[in-house]
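Here the structure comes first, spelled out in structure tokens, and everything after it is commentary.
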Amino acid sequence: MTLAAGLGYALIALGPAFSLFAGVVARKPFLVLTVLSSTLFWLISLIVLSGIWRGFLPIKSGAWWAYAILILTSVALQEGTRLVFWRLYKKMEEMLDAFADRISKPRLSLTDKMLISLAGGLGHGVAHAVFFCLSLLTPAFGRATFYIETCSKMPFFLASALIALGFLVIHTFSMIIAFNAYDERKKSDQVFVPVIHLAAAVMTLVNLAPGGCLIGTPLLLVMAALTLQHCWRVACQRLTEHRHQQHNSN
Amino acid sequence: MADAAAAAAVPGDAPGGTTVLDSLGEDITRIVYPVSACMLLVVLLVSLLSSPSSPSPLSASIAAATGGVSGGGDDDIPTALITALTFVVAVTAATFLLALLFYLRCTPCLRAYLGFSALAVLLVLGGQVALLLLSRLRFPLDAVSFALLLPNAAGALALAALAPASVPIALHQAALVAVAVLTAFWFTLLPEWTTWALLVAMAIYDLAAVLLPGGPLRVLLELAIQRNEEIPALVYEARPVDPRHGRNWRLWREGRQPGVGEDLQTNSGNSSSSQVHEAATLAGDVSNSRPRVTLVAALSSSDSTVAQVGEVSALQEHRVAVAEMSVPLIQPRPQRSGEEVVEDEDGIGLSSSGAIKLGLGDFIFYSVLVGRAAMYDYMTVYACYLAIIAGLGITLLLLAFFRKALPALPVSIALGVVFYVLTRTLLEEFVVQCSTKLLMF
């Protein structure tokens with residue numbers, strides 16, 4: 020439905036990402052590079068996943084359990100990628116600290132570390148939104164719109180943009196929670212992130228049922244809000260602890 | 338969220354305020370942005386103007402010239418390979434010619450050649466793209482205005498591309514990107530297999546020409562380093578565009594030139610200044626030293642073929658205290674012309690301003706790959722874009738590791754082709770299957 024609609028859908032999916040990018044990430048060039056590299060990571064994990072599943076496609080439309088297995092494997096692989104990313108980040112942090120010592124500048128502060136994890140999560144979220152939503156959005160710039168059979172009340176593009184938005188928020192902020200949890204070795208948060216990811220992904224299975232997207236999409240956005248709230252709590256807690264530590268040590 | 342409300346104050350930061358994260362990696366992003374902008378423009382042009390009803394006259398003449406292939410051209414592999422091979426041979430010959438001219442110190446010839454090629458690209462290719470755009474967007478512009486606007490715009494941009502000292506940096510960089518976009522768009526008009534064969538052939542050529550001892554680019558580079566001169570070429574240089582210091586910085590640079598008594602016959606890409614003055618600044622400047630690796634790209638074009646020599650020049654900032662690295666720069670060499678200078682030594686607010694230079698040929702071939710990916714689908718565009726940026730990053734890392742001239746094309750083109758093939762065969766099915774059922778993870 021013309022340029023305005025196409026742009027609208029694109030902005031629904033990626034608007035918050037753009038504002039995060041322009042407001043936070045673009046200020047520090049290192050974060051831009053972090054976003055690009057984490058996007059690349061996510062793409063590689065997606066290619067590996069599609070390589071594994073290529074032999075089994077196309078899946079027959081009645082076999083929803085096959086989709087469930089697909090989602091399980093995908094989430095498992097992505098959480099594994101997150102762990103790998105965490106290891107790489109630790110190495111990078113060591114190198115950066117050594118570098119900072121060499122040029123006698125202060126080391127990475129807590130805010131910096133959280134910013135890096137935010138940029139990493141943003142990379143994952145943007146990659147997800149781009150590959151699952153944006154690359155299929157080209158027909159939306161034309162003159163008509165498209166409805167799929169199982170979702171006859173919402174244009175396909177709108178549904179996919181909303182779901183992409185939900186996942187963008189989930190990916191971005193769960194990366195902060197995850198890095199924080201790995202850093203502080205908090206088991207509860209370490210489990211929280213994969214559980215939320217799995218729950219959100221399984222929730223999209225509801226979209227397979229007719230009319231399911233009307234239930235699935237709002238629930239997904241609720242989960243995104245949940246992730247956001249949890250991340251806010253974790254971040255505030257960590258930062259106040261840090262300030263208390265600094266005050267006590269001064 | 339009572340516990341969250343209690344911690345509403347701005348969280349404490351490191352006592353120093355700014356940390357190492359503030360400016361690290363700035364030189365890399367300053368080259369990533371223009372490369373991305375060039376690719377974006379080419380993708381936009383391709384999506385607006387793709388599948389023209391008739392092949393453009395230039396590509397038809399190319400097809401006719403390179404093997405008598407008729408009309409739309411047989412797009413099969415042998416023809417593609419022959420075309421690619423012919424192109425590589427032409428480029429090699431042109432580079433050897435360039436090296437010969439440089440050896441004979443024929444700088445006016447080289448500069449005239451550069452000027453002619455830039456003007457030809459902007460006038461002919463720019464005019465063709467403008468006409469296509471006008472007809473596609475149904476923009477009302479009459480022939481007389483067009484005939485007035487095009488030569489003027491082309492001349493102004495060509496001048497901006499060739500004489501960086503006399504125009505604002507932004508205009509100079511924009512002119513270079515415009516030349517790259519136009520050339521890349523023209524390349525994407527070639528048939529599919531030919532484009533891919535050409536990309537792979539150019540990547541292999543780049544690798545061979547820079548690294549093999551007899552390669553033309555290596556010969557050219559060694560000549561340039563031996564004489565400590567700058568090869569006249571069209572090179573994109575990621576200088577910082579700092580509005581506070583821009584004007585003053587320019588004047589400060591040019592104010593040094595008369596003091597040295599060199600002839601001001603400088604080349605594109607660098608303003609020259611005295612090495613002695615540089616050293617004085619360096620000695621006082623604690624933080625920067627630049628191991629210098631210079632590669633230069635010369636964009637030359639003849640009537641219907643565009644030959645280019647692609648290299649990457651990178652100046653990496655290492656933030657080490659003034660050490661042996663700066664010693665070669667302290668030797669006074671006042672009588673040379675066109676000295677290579679270490680850029681951006683100001684230290685006033687331009688802290689991480691390492692000027693990485695990337696040849697225009699690299700811009701062009703990256704954009705050709707992405708443009709060709711855009712002709713299939715946008716998913717391949719994103720995948721290839723990420724692959725090329727990753728390749729660029731890897732090349733810069735290798736550059737920092739090896740500290741000598743490295744070709745910029747092979748890694749990026751290899752990754753780009755691999756990701757294109759993987760996306761087209763594996764990824765697309767999978768993603769389309771999932772997302773058309775609104776299944777995301």
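If you read the sequences in order, they're chains B and G.
Just so we're aligned, residue 20 is where the first sequence starts under my numbering, counting upward by one.
Just so we're aligned, residue 338 is where the second sequence starts under my numbering, counting upward by one.
Don't be surprised by glycine CBs; every beta carbon is placed ideally from N, CA and C.
Whole-angstrom C-beta distance between residue j and residue i, which should lie under 8 Å
i: residue 702 of chain G; j: residue 372 of chain G; result: The pair is not a contact, with the Cβ atoms about 11 Å apart (cut-off 8 Å).
i: residue 383 of chain G; j: residue 476 of chain G; result: Wrong, their Cβ atoms sit about 19 Å apart, outside the cutoff.
i: residue 494 of chain G; j: residue 512 of chain G; result: 4 Å
i: residue 44 of chain B; j: residue 138 of chain B; result: 5 Å
i: residue 181 of chain B; j: residue 31 of chain B; result: 7 Å
i: residue 76 of chain B; j: residue 770 of chain G; result: 6 Å
i: residue 152 of chain B; j: residue 775 of chain G; result: Rounded, the Cβ-Cβ distance is 10 Å, inconsistent with contact.
i: residue 764 of chain G; j: residue 78 of chain B; result: That pair is no contact at about 16 Å.
Backbone CA spacing between residue i and residue j [nearest angstrom]
i: residue 200 of chain B; j: residue 124 of chain B; result: 27 Å
i: residue 243 of chain B; j: residue 717 of chain G; result: 29 Å
i: residue 790 of chain G; j: residue 229 of chain B; result: With chain G running from 338 to 778 in the structure shown, residue 790 of chain G is simply not present.
i: residue 427 of chain G; j: residue 463 of chain G; result: 23 Å
i: residue 134 of chain B; j: residue 227 of chain B; result: 37 Å
i: residue 36 of chain B; j: residue 447 of chain G; result: 47 Å
i: residue 705 of chain G; j: residue 556 of chain G; result: 27 Å
i: residue 508 of chain G; j: residue 456 of chain G; result: 16 Å
i: residue 754 of chain G; j: residue 259 of chain B; result: 49 Å
i: residue 443 of chain G; j: residue 51 of chain B; result: 43 Å
i: residue 355 of chain G; j: residue 381 of chain G; result: 39 Å
i: residue 49 of chain B; j: residue 540 of chain G; result: 29 Å
i: residue 221 of chain B; j: residue 237 of chain B; result: 14 Å
i: residue 90 of chain B; j: residue 126 of chain B; result: 40 Å
i: residue 741 of chain G; j: residue 729 of chain G; result: 16 Å
i: residue 720 of chain G; j: residue 150 of chain B; result: 9 Å
i: residue 486 of chain G; j: residue 496 of chain G; result: 15 Å
i: residue 106 of chain B; j: residue 360 of chain G; result: 24 Å
i: residue 131 of chain B; j: residue 358 of chain G; result: 7 Å
i: residue 62 of chain B; j: residue 84 of chain B; result: 25 Å
i: residue 56 of chain B; j: residue 100 of chain B; result: 13 Å
i: residue 520 of chain G; j: residue 232 of chain B; result: 46 Å
i: residue 234 of chain B; j: residue 74 of chain B; result: 32 Å
i: residue 145 of chain B; j: residue 197 of chain B; result: 18 Å
Contact set between residue i and chain B, taken where Cβ atoms lie within less than 7 Å
i: residue 712 of chain G; result: The premise fails here: residue 712 of chain G is roughly 13 Å from chain B at the closest Cβ pair, so nothing lies under 7 Å.
i: residue 359 of chain G; result: 47
i: residue 726 of chain G; result: 55
i: residue 376 of chain G; result: In chain order: nothing, as chain B lies at least about 13 Å away.
i: residue 719 of chain G; result: 149, 150, 154
i: residue 764 of chain G; result: 65, 66, 69
Exposure label - residue i; buried when at least 16 CB within 10 Å
i: residue 737 of chain G; result: exposed
i: residue 725 of chain G; result: buried
i: residue 250 of chain B; result: buried
i: residue 552 of chain G; result: buried
i: residue 128 of chain B; result: buried
i: residue 440 of chain G; result: exposed
i: residue 694 of chain G; result: buried
i: residue 600 of chain G; result: Because the pLDDT at residue 600 of chain G is just 34, under 50, the model does not fix this residue reliably, and the value given afterwards should be weighed accordingly. Result: exposed.
i: residue 185 of chain B; result: buried
i: residue 698 of chain G; result: buried
i: residue 364 of chain G; result: buried
i: residue 566 of chain G; result: buried
i: residue 42 of chain B; result: exposed
i: residue 559 of chain G; result: exposed
i: residue 121 of chain B; result: exposed
i: residue 543 of chain G; result: buried
DSSP beta-bridge partners of residue i
i: residue 113 of chain B; result: None, per the DSSP bridge assignment.
i: residue 572 of chain G; result: G:696
i: residue 167 of chain B; result: B:170
i: residue 736 of chain G; result: Answer is none; residue 736 of chain G lacks a bridge partner.
i: residue 852 of chain G; result: What is shown of chain G runs 338 to 778, which leaves residue 852 of chain G out entirely.
Cross-chain neighbours of residue i in chain G, by beta carbon under 8 Å
i: residue 223 of chain B; result: 775, 776, 777, 778
i: residue 115 of chain B; result: 357, 358, 361
i: residue 78 of chain B; result: 770
i: residue 37 of chain B; result: Neighbours of residue 37 of chain B on chain G: none; closest Cβ ~15 Å, over 8 Å.
i: residue 58 of chain B; result: 723
Chain-ordered neighbours of residue i on chain B, where CB pairs are closer than 9 Å
i: residue 768 of chain G; result: 65, 69, 150, 151, 154, 155
Proximal residues of chain G, C-beta to C-beta of residue i below 7 Å
i: residue 131 of chain B; result: 356, 358
i: residue 86 of chain B; result: 776
i: residue 213 of chain B; result: Correct list: empty, because the minimum Cβ distance to chain G is about 12 Å.
Neighbouring residues, chain B, relative to residue i (Cβ below 8 Å)
i: residue 386 of chain G; result: Result: empty, since nearest Cβ-Cβ is about 15 Å, beyond 8 Å.
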